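Okay, so here's the structure we're looking at.
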Amino acid sequence: MYFPEYRLRRLRRTANLRRMVRETRLSVDDLIYPLFVVPGSGVKEPIASLPGQHHFSVDKLVEEAAAARDLGLPAVLLFGLPETKDEVGSSGSESDGVVQRAVKALKSDVEDIVVITDVCLCEYTSHGHCGVLKNGRVDNDLTLEHLARQALSHVEAGADIVAPSDMMDGRVAEIRDVLDEEGYTHVPIMSYAAKFASSFYGPFREAAQSTPAFGDRRDYQMDPANVLEALREVTLDIEEGADIVMVKPALPFLDVIAKVREKFDYPLAAYNVSGEYAMIKAAAEKGWLDERRAVLEALTGIKRAGADLIITYFAPQAARWLKE
Ligand code: PBG
Numbered sequence: 012m013y014f015p016e017y018r019l020r021r022l023r024r025t026a027n028l029r030r031m032v033r034e035t036r037l038s039v040d041d042l043i044y045p046l047f048v049v050p051g052s053g054v055k056e057p058i059a060s061l062p063g064q065h066h067f068s069v070d071k072l073v074e075e076a077a078a079a080r081d082l083g084l085p086a087v088l089l090f091g092l093p094e095t096k097d098e099v100g101s102s103g104s105e106s107d108g109v110v111q112r113a114v115k116a117l118k119s120d121v122e123d124i125v126v127i128t129d130v131c132l133c134e135y136t137s138h139g140h141c142g143v144l145k146n147g148r149v150d151n152d153l154t155l156e157h158l159a160r161q162a163l164s165h166v167e168a169g170a171d172i173v174a175p176s177d178m179m180d181g182r183v184a185e186i187r188d189v190l191d192e193e194g195y196t197h198v199p200i201m202s203y204a205a206k207f208a209s210s211f212y213g214p215f216r217e218a219a220q221s222t223p224a225f226g227d228r229r230d231y232q233m234d235p236a237n238v239l240e241a242l243r244e245v246t247l248d249i250e251e252g253a254d255i256v257m258v259k260p261a262l263p264f265l266d267v268i269a270k271v272r273e274k275f276d277y278p279l280a281a282y283n284v285s286g287e288y289a290m291i292k293a294a295a296e297k298g299w300l301d302e303r304r305a306v307l308e309a310l311t312g313i314k315r316a317g318a319d320l321i322i323t324y325f326a327p328q329a330a331r332w333l334k335e
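Below is the structure:
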């Protein structure tokens, strides 16, 4: 059937018609809100590289998470900025560390929100790398026990899901083993399965004070040029016991999201990272983009590509817009 018999514009004529044939529906249920927790109390400091985002002390974090819950958001993802750093990132697994205290407070003071914790060493190591160094390089196998210890400490504090983001080989299996041994067979792992060595993490590293002191992360994070390798990463993480797999960043990697969606029937998350957020924020501030339309279009695009869950700093704002 060819033009002029079939005209695609017929179903675009009114808002109701468009609503009836819409293929992708973004929902507040899809969104996960990342939050940065710092020591102290009464702290709610704006983060310069992420306009609209803050460093929160535990008490203020509880308020922010409660507000997120009231907006209908199902989950938060926590990052910690510790008091001290050392070579092996020990402050990341202390039972009274900043994330562990935050998890306890959220679980006791905010009803009905899923608390996910980012598991990685980079915020806790003096050199800012995601693992333990040996001869000037991140040593994969030495790092695993540190990651597993940190994950366990988060779960002991009450974390509902742990999310390893370090990109060491074998860390999902190691974390699964330790959690199971300690009786936490019910706690899911959301693995940053295909995490690329991306320039779009810049604003986050400023926010998390986790820029590597030397070199870069290309020796453990993925080459942005690779998609087949991303599928191998996802395969391995699933075999090792991941419950949710993630592609990160989102917007420059929509094809990777789509391929993972096609090949695997596991819940799929995508991380709309700090640089993706900052780009829209900066352009909107200049009046070059309509922020609301740009954000909803970007998030809908990530969902259309195949993501079930989207981690985004826009979560509360998007939740508000989706309600209107
Ligand atoms: C590492 C980690 C990073 C992000 C989440 N976890 C940064 C990195 O790998 O350098 C980036 C998130 C973002 O850019 O929003 N633990």
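Residue numbers (our numbering): 12 to 335. We put the beta carbon where it would ideally sit given N, CA and C, even for glycine. Keep in mind it's a predicted model, so treat the numbers as computed, not measured.
Beta-bridge annotation (DSSP): T323 is paired with N283.
V284 is positioned such that its CB atom lies no closer than 8 Å to that of A241. Relative to ligand 1, the beta carbon of G317 is positioned no closer than 7 Å to any heavy atom.
Secondary structure note for A253: it is in no alpha helix (DSSP H), with a DSSP letter that is neither H nor E. Fewer than three pairs of CB atoms, one per stretch, sit closer than 8 Å, so the stretch 220 to 235 makes no contact with the stretch 282 to 302. Listed by position in the chain, the residues whose beta carbon lies within less than 5 Å of some heavy atom of ligand 1 are C131, C133, S176, Y212, F215, V284, S285. Collapsing the DSSP output to three states places K297 in coil. Our two residues, Y195 and L163, have alpha carbons roughly 9 Å apart in a direct line. When rounded, the separation of the alpha-carbon atoms in I200 and D301 is 36 Å.
Annotated three-state conformation of Y195 is coil, per DSSP.
If you look at V49, you'll find it isn't in any alpha helix (DSSP H); DSSP assigns it neither H nor E. Within the same chain, I268, A269, V271, R272, E273, L279 come within 8 Å of G317 by CB-CB distance, once the 5 residues on both sides are set aside. Taking every protein chain shown into account, the CB of H140 has 16 or more other CB atoms within 10 angstroms, so this residue is buried.
Excluding its 5 nearest sequence neighbours in each direction, A294 has C-beta neighbours in its own chain below 8 Å: L300, A305, listed in chain order. In the three-state reduction of the DSSP assignment, A329 falls in the helix class, which pools H, G and I.
Assigned with DSSP and collapsed to three states, F90 falls in strand. Distances from the alpha-carbon of D276 to those of Y17, A86, T246 put T246 closest.
The criterion of a C-beta distance shorter than 8 Å is not satisfied by L82 and V48. The beta carbons of V109 and T128 sit no closer together than 8 Å.
In the displayed model, H65 falls within a strand according to three-state DSSP.
In the structure shown, A170 falls within a coil segment according to DSSP collapsed to helix, strand and coil. With fewer than 16 other Cβ atoms inside 10 Å of its own Cβ, M31 counts as exposed. One thing to note: S176 has its Cβ within 8 Å of the Cβ of V130. No Cβ-Cβ contact shorter than 8 Å links D70 with G91.
Straight-line spacing of the CA atoms in A205 and P260 works out to 9 Å.
By a beta-carbon distance limit of 8 Å, R160 contacts S104. Their separation comes to about 4 Å.
Residue burial annotation: K334 is exposed, with fewer than 16 other C-beta atoms found within 10 angstroms of its C-beta.
In summary, L22 is exposed, with fewer than 16 beta-carbon neighbours lying within 10 Å of its beta-carbon over all protein chains present. Between Q328 and the set E34, Y17, K96, L84, the nearest pair of CA atoms involves L84. Boundaries of the alpha helix (DSSP H) harbouring A218: 213 to 219, taken from the DSSP string. In this structure, the CA atom of S209 is about 44 Å from the CA atom of Y17. Excluding the 5 residues flanking it on each side, A77 has same chain C-beta neighbours closer than 7 Å at V121, in chain order. Restricted to the stretch 82 to 144, the beta strand (DSSP E) segments that are unbroken, complete and at least 3 residues in length are 86 to 91, 125 to 130, listed in chain order. Between E251 and A174 a beta carbon distance of about 14 Å is seen, past the 8 Å cut, so the two are scored as non-contacting.
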